[in-house]
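Worksheet: one structure, shown below.
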Amino acid sequence: MKPKYRCATPRRRSHAMMRATAQVQSPTLGLIGGLSYHSTLIYYQKLNEGFASIFGSDRSAPLLIYSHDFGMIGRSQANGQWKEVERQIVNSALLLTQSGCEALVIASNTIHKFVRVIESSTQRPVLHMGSAIASALAKNASHRVGFLGTRPTMEEPFLKRRIQESAGVELCIPTRPERDEIHRVIWERLVRGCVDDQDRQAFQAFCDDWASRERLDSIVLSCTELGLLGLKERGFRIFDSLDAHVDYALQFYQERSNQFISD
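Going from the sequence shown to this note's numbering is simple: count from 1 and add 1.
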């Protein structure tokens, strides 16, 4: 789905309206990025585009970013050293919250494995990817939903449980060989920024066949790099987790900014 806030032409606003929005205080979010940097760039752009659309074209999102060296994180994941990954992620979350961030956004589906320890360590809320995806699915009345991502994201419950419980949908994952191939393409191609027509055509053909075979009404791209493929909706809806997450973060900005006004 295309994010609804993307518009190149700023809306016409009165001087009084511009003065009012300029005085609105907004919270600072901490973005845990570099997972990979290709999707972090898109987060940064879309958060600022959305923020400007809400608060005025002269505004930009209050945001601090910790960009990890994905090569280091990736090697630890590949070697099954999840405690080391957790240590690095928690350290970055602590740095962001100590710098004044009121909430955290993890720019990765897989790293949501560590939400509980991050929140307990920082005493700050994480704007959860699972809640963001569930909200998008519920708004569009999805029922039988395909779920694509890295192998841990597809196979473990840290995102799926929240999505199913919050949106009341049935999540379907591919077969084991299909999951292995999807994981391989993400890790060997997409996180390195390598996207070509062969990748797009192969993924599109898989999604078309899978949706027909499993009678899916929607497919969630639950990896922030899968959106780089530019897949088309062909009888099923596509939900990019990155876009859903950005919308969820923008909602937080709006709600907290309104709270500042009422206070």
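Even for Gly, the Cβ is constructed at its ideal location relative to N, Cα and C.
- Query: Rounded to a whole number of angstroms, what is the C-alpha to C-alpha distance between E50 and S61?
  - Reply: 8 Å
| query | Is it a yes or a no for the segment 135-148 touching the segment 162-171, going by three-plus beta-carbon pairs under 8 Å? | reply | yes
Q. If we ignore side chains and look at the alpha-carbon of each, how far apart do S77 and H69 end up?
A. 13 Å
Whole angstroms is fine: what's the gap from R193's alpha carbon to E103's?
31 Å
Taking only three categories from DSSP, how would you classify E171?
strand
**Asked** For R163, which residues of its own chain have a beta-carbon under 6 Å away from its beta-carbon, when the five flanking residues on both sides are left out?
**Response** G131
Checklist entry - How close, in whole Å, do the beta carbons of S258 and Q46 come, if the pair is a contact with beta carbons under 8 Å? => result Not a contact, Cβ separation roughly 21 Å.
Item to complete: Would you list, in sequence order, the uninterrupted beta strand (DSSP E) runs of no fewer than 3 residues that lie entirely inside the segment 102-131?
Response: 104-107
Problem set entry | C-beta atoms of L65 and L97 nearer than 8 Å | yes
Segments of 3+ residues assigned as beta strand (DSSP E) that fall wholly inside the segment 202-240: 219-222
Quiz item: So is Q89 buried or exposed if we call it buried at 16+ other beta carbons inside 10 Å?
Solution: buried
Tell me the residue span of the beta strand (DSSP E) that contains S68. 64-68
Checklist line | DSSP bridge partner residues for G31 (one or two, in chain order) | finding: L65, L105
- Task: Could you spell out the range, first to last residue, of the beta strand (DSSP E) harbouring V146?
- Result: 145-149
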